[in-house]
Amino acid sequence: MLSIDILLNAIVTGILLGSVYASLALGLGITFGILHIPNIAHPTLVVAGAFFVYTLTQWGIDPIVAAVIGLVPFYLLGVVLYAFYSAVFERKGGANVLQSLTLFFGLSLVIEILLSLGFGSELKSVSVSYIGLSLKLGVLTVPYRLLIPALLAPVTIAAVWLYLSRTNSGTAIRAVAHEERALSIAGLNPASVKRHAFGIATATAVIAGAALIMVGPIEPFAGRYQIGRVFAIVVLAGMGSIPGSLVIAIIIGIAEALVSSYLNPSWSPGVAFAILLLGLALRPQGLFGAAR
Amino acid sequence: MKTRRQFHKLMAATAAGLAAPAILGSKVFAQDKPIRVGASVSLTGPLASTKNGQIGYELWREDVNAAGGLLGRKVELVIYDDQSSAANVPAIYSKLVDVDACDVLFSPYGANLSAPVMPFIKQRDLFMIGMFGLAGNDVAKHDKFFHSGPWGPNSGRDWARGFFDLAKAQGVKKIAIINADLEFSKNAAKGGAEVAKEYGMEVVFNQSYPPNTSDFSSMIRNINAGDPEAIFIASYPADSTAIIRGVKEIGISDKVKLFGGAMIGPQYGALLGSLGPELNGLVNSHTFVPEPTMQTPAIKSFFDRYTPIAVKQGVDPLGFYIPPFYYVAGQLAAAAIKGSNSVDPAKMAAFLHANAVDTIAGKIAFTEIGDWKERRVLMVQLRGIKGNDLEQFRNPGHQVILDPPSLKTGDLAAPYNKARAS
């Protein structure tokens, strides 16, 4: 059945879902895409952010306000995590990918267990007046539960991209990914720049966490279901391309929604990887990445 | 020396005096080693919300030991965390049998985790009580396996038949079926489609979706396009929430008379509390609800003891769905051991096959593959829910039993949209 309203609604839903995926991938885009640190704990940090937001909403605070409140603590958490990572691997000169993956895998397990101990294993969700309501625009029905989190992604991505491209410290972050030694010669401490970048990446996790818990209930292990998709977005966008990740996430979101509507929802988890394989076959550096 | 002898006498008397209250104040068990009951529980991982079942095990152990144990022997529980992973289950049960020397086994929770242990149980000819594994013994057909859950015979197909009986009574001709791509949900949907066909209903939409799908708007629009009169859903907690919210956001046809069936989640306090009035009108499966036809002194006593422990542990304070049946598992094991005067698997199994057992969930008799002879899955309709206070669910009238007829406490409120608005 190819009715126009189902098609339009599927496309809009895909854009909204894609935008939420972009929020989830943003932090990984910084740590993995720019710093080349395979932080597979990022989706778990997003879940931790969601629990932070959940906790504040229990005191009547709106999820978005809660996420803004969480930016500083999560930035500091990121700074501490990077300091630990750097002390364990980088200063000893042995930060190979496998060791880093093991460290962040272990970190995600620790965070999951801590969340389980702290919050229990039941699903947690937020109750806000706009969740459950929809915006009607002709044949379109747009749930606020998706619309509001989806609006967070372009705002956050624009803010991060402006910071990275228009400020000196942002330029330093991009530079550290290309040539650490040159940065040292210029009088900057690469470890300090990376620590700051890791802090920003972790701070975005609380924004993504707010988006995640508005879309649906979460439990401590919810990060596991997102990890494949967010890596696909970052790699396909091209390592380091922050705005590109929004475009790719929306393409994946639309593709998933169309597959769900017209083929079979069970096939939708494969969509991100099918697009990834196709995209990398055509452009190995990613669709928006510069050839190196 | 006289002084030393006097000192020894004094010490012996003191020791006896100190020990006397403990000896006199507790049950004296025979010198035999304890009876060991082994189980895995999902204390961590995605199924950790089922860990409140362990309270049921522990209350049973407390009761059975307070009553003198079994065969004069103390009962011990040996429980490991399976981390909600089927991959961990075979090793855990090997250890329970070969290292911990457990006499009785309780299965892990549910079909997904129980499936890996069934070949082992069958091969080693062990006695096991199954915990909520739908159709868990339908393939192995092990004669020493008994379900604590009320799925009934031919459970793979029939456990949710009550939903279709209600649909049939409403004259439903067109039905939609959706399910999560997981063992339990797939079985429920497959069985549901067969029953629908048997009742002459046309399945206008039948689709599965991957676990942890967060948006169902596309699927709900497609369901609406099929114009069904009933929608049978086999989902897991996160999906159940997304589906119920999706229906509120997108809307559903006024023709739909029944909505629900096999949704996991609305049985638990977490979802009852978070969704609250959004659940009104839902017709869904359950194992126990505090309606007048189900309340007995035994089950009331169980919940009087369960609730404070659950609150202290931070697990579901209601605990209607799982914990009573974990207690029932203990009662079944105890009946088998006492009745056969043995921990021999063959003798225990023979006793349960030959005798019905009184439990806090009622009298249970078993088929040859350990299903309850009589299906006692409830179809309840959630009604009159106001706000998000969990305490309201302890009162009758909010989870009205529509099926089975023997436990019925009300009639279906339909159509779904009208019941939703109630």
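Residue numbers (my numbering), protein chains in the order written: chain A, 6 to 297; chain B, 887 to 1308. Cβ coordinates follow ideal geometry from the N, Cα and C atoms, glycine included. Everything numeric in this text was worked out from a predicted model, so none of it was measured.
{"Asked": "Cutoff 9 Å: SER139/A Cβ touching any chain B Cβ", "Found": "yes"}
{"Asked": "Chain A contacts made by the stretch 1034-1047 of chain B, where a contact means CB separation under 7 Å", "Found": "none"}
{"Asked": "Check: GLY1019/B C-beta below 8 Å from any heavy atom of the ligand GTP", "Found": "The ligand GTP is not part of the structure shown, which contains no ligands of any sort."}
{"Asked": "CB contact below 9 Å: LEU1157/B versus chain A", "Found": "yes"}
{"Asked": "Chain-ordered chain A contacts of MET1105/B [CB-CB under 9 Å]", "Found": "SER265, SER266 and PRO270"}
{"Asked": "Assigned secondary structure, ILE20/A (DSSP; H/G/I helix, E/B strand, else coil)", "Found": "helix"}
{"Asked": "Chain-order list of residues whose beta-carbon lies under 8 Å from that of GLU962/B (same chain, five-residue window excluded)", "Found": "PRO920, ILE921, ARG922, VAL923 and ARG947"}
{"Asked": "Assigned secondary structure, PRO1096/B (DSSP; H/G/I helix, E/B strand, else coil)", "Found": "coil"}
{"Asked": "ASP1202/B burial status per 10 Å Cβ neighbour count (16 or more: buried)", "Found": "buried"}
{"Asked": "ARG1131/B at chain A interface by Cβ criterion, 9 Å", "Found": "yes"}
{"Asked": "Three-way DSSP call (helix, strand, coil) for LYS1027/B in this model", "Found": "coil"}
{"Asked": "Within chain A, the residues that LYS1134/B reaches when beta carbons sit closer than 7 Å", "Found": "GLY137"}
{"Asked": "6 Å Cβ shell around LYS1018/B - same chain, five flanking residues per side excluded", "Found": "The question names Lys, but residue 1018/B is Phe in the sequence shown. Around PHE1018/B: TYR995, GLY996 and GLY1035."}
{"Asked": "Three-state class that DSSP yields for TRP1037/B in the structure shown", "Found": "coil"}
{"Asked": "Same chain, Cβ closer than 8 Å to SER912/B, five either side skipped, listed in chain order", "Found": "Caution applies to SER912/B, whose pLDDT of 45 falls short of 50 and renders its modelled position unreliable; the model cannot decide the point."}
{"Asked": "Rounded C-alpha distance that separates GLY19/A from GLY1057/B", "Found": "37 Å"}
{"Asked": "Residues within the stretch 928-948 of chain B neighbouring chain A, beta-carbon criterion of under 9 Å", "Found": "SER928, LEU929, THR930, GLY931, PRO932, LEU933, ALA934, SER935, THR936 and LYS937"}
{"Asked": "Burial state of GLY192/A (16 or more Cβ within 10 Å)", "Found": "exposed"}
{"Asked": "Cβ shell of VAL240/A (< 8 Å), same chain only, five flanking positions each side left out", "Found": "LEU281, LEU285 and GLY291"}
{"Asked": "First and last residue of the uninterrupted alpha helix (DSSP H) at GLY1112/B", "Found": "1103-1112"}
{"Asked": "Neighbour list for ASN14/A in chain B, Cβ cutoff strictly below 9 Å", "Found": "SER1103, SER1104, ARG1107 and ILE1136"}
{"Asked": "DSSP-derived helix/strand/coil call for ASN1073/B", "Found": "helix"}
{"Asked": "Straight-line Cα distance separating THR1245/B from ILE1185/B", "Found": "9 Å"}
{"Asked": "Test: ASP1230/B CB closer than 9 Å to a CB of chain A", "Found": "no"}
{"Asked": "Buried/exposed call for PHE1049/B, threshold 16 Cβ in 10 Å", "Found": "buried"}
{"Asked": "Residue environment, PHE89/A, which counts as buried when at least 16 other CB atoms sit within 10 Å", "Found": "exposed"}
{"Asked": "PHE124/A in three-state terms, based on DSSP", "Found": "helix"}
{"Asked": "Burial state of ASN1170/B, where buried means 16 or more other Cβ atoms lie within 10 Å", "Found": "buried"}
{"Asked": "LYS129/A classed as buried or exposed, judged by whether at least 16 other C-beta atoms fall within 10 angstroms", "Found": "buried"}
{"Asked": "PRO154/A and VAL252/A closer than 9 Å at C-beta", "Found": "no"}
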